[in-house]
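> One structure, as structure tokens, below. Some questions next.
Listed below in structure tokens is the structure:
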């Protein structure tokens, strides 16, 4: 009991130190306080021979329930389950059952059986949250011991109720093994939750490195990397691939007239409108400012022109709110198909040239670039739909 107390408080200190070095969220704070309370619970179990029986039983078990439900709440929140109210109800019901047992002078055997059922239920829910939320190897490694401990405490409750001899401090190999399993679970849950938090922080850092914070689209670096990989795959499979370059028309004028907040709104609305017309495996990226690009895998120039026209119409139909005044925006698009021996950066330059041709010809239109092996310099640009 004393080692469990020290272990839980140690993990709380570790989590508090980790949270100070990163970006703490609510699940970390709940988990840290749950470990502190759990340490206090086991310390109270260690002190029980020195305390009045009723007070010792209620205080140690009551703190253990609060801590166990707190840890469950941390896992629930971390995995994205909306169980806060349900967990509060579970905690209150468990505390009421405990109070009724203590006030009703329940035997130590019945009290041990009741707490075994409560611990089994909470450990089982922990296993459910961990294994049921998009299973990964780490969640499996943490979840399975929780499930085994739940089964172990169910067995303990069965033995206690049927044989009528099992209490908290009853000696014997089965209970010793169960308590050693609980200590092992302390280590698994402690390091496991720390590793889960570390994984989450690493994913957040990767998102920051590859995503545009305003629109949520991939940034220039990530877009070029994905486009290169997609082009390599298309070349191996002998499939076509097309690039679109896009620029919001008169964006600077919108910014100057309505302010930068409106400009940010325009970029977000544009991103949503464009994404609504694209396929799941098409990739839209923000290259900088009001300039965007799309690569369309397995798409020839004809299908790409159709996709570009749908995108142009969707952007023109999108509505913006300028201080209560409804307004709209348009986009100019350049299209370039990649040949098998082409380079993504060169195709982007051709698509960019087609984009500026669209702007010169009046904006709010789609232009296609000359093929990479154009028959003559005069091939220039062929007008798609204006």
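Residue numbers (the working numbering): 359 to 744.
We treat Cβ as the ideally placed atom computed from N, Cα and C, and that holds for glycine.
Predicted, not measured: the structure shown is a model, and the values here were computed from it.
(1) Could you tell me how far apart the beta carbons of residue 574 and residue 629 are, in whole angstroms, since I believe they sit closer than 8 Å?
(2) Could you give the DSSP three-state label for residue 601: helix, strand or coil?
(3) Taking a contact to mean a Cβ-Cβ separation below 8 Å, would you say residue 599 touches residue 655 in this structure?
(4) Would residue 490 pass as a contact of residue 505 if the rule is Cβ separation under 8 Å?
(5) In whole angstroms, what separates the C-alpha of residue 570 from that of residue 653?
(6) Check for me: the beta strand (DSSP E) holding residue 679 runs from which residue to which?
(7) Go to residue 653, then tell me how far its beta strand (DSSP E) extends in each direction, as first and last residue.
(8) Would you check if the distance between the CB atom of residue 397 and the CB atom of residue 432 is smaller than 8 Å?
(9) Looking only at DSSP bridge pairs, what is residue 644 linked to?
(10) Comparing alpha-carbon positions, which option in 365, 713, 708 lies nearest residue 392?
(11) Contact between the segment 605-618 and the segment 552-559 is defined here as three or more beta-carbon pairs at a separation below 8 Å; is this criterion met?
(12) Once DSSP output is grouped into helix, strand and coil, what is the label at residue 434?
(13) Using three-state DSSP, classify residue 406 as helix, strand or coil.
(14) Return the first residue and the last residue of the alpha helix (DSSP H) that residue 368 is part of.
(15) Indicate the three-state DSSP secondary structure (helix, strand or coil) for residue 693 in the structure shown.
(16) Which residues in the same chain as residue 744 place their Cβ atom closer than 6 Å to its Cβ, once the five residues preceding and following it in sequence are excluded?
(17) Would you report the Cα separation of residue 606 and residue 725, rounded to the nearest angstrom?
(18) Can you tell me which residues form a DSSP beta bridge with residue 606?
(19) Decide if residue 361 is buried, meaning its Cβ has at least 16 other Cβ atoms within 10 Å, or exposed.
(20) Would you please state the rounded distance, in angstroms, between the beta carbons of residue 691 and residue 602? I believe it to be under 8 Å.
(21) Between which two residues does the beta strand (DSSP E) containing residue 724 stretch?
(22) Which value, in whole angstroms, describes the spacing of the CA atoms of residue 374 and residue 451?
To lay it out plainly:
(1) 7 Å
(2) strand
(3) yes
(4) no
(5) 17 Å
(6) 678-680
(7) 649-655
(8) no
(9) 650
(10) 365
(11) no
(12) helix
(13) helix
(14) 360-379
(15) strand
(16) The predicted position of residue 744 is uncertain, since its pLDDT is 37 and thus under 50; a value taken from the coordinates is nonetheless stated next. Here the set comprises 723.
(17) 15 Å
(18) 689
(19) exposed
(20) 6 Å
(21) 724-726
(22) 30 Å
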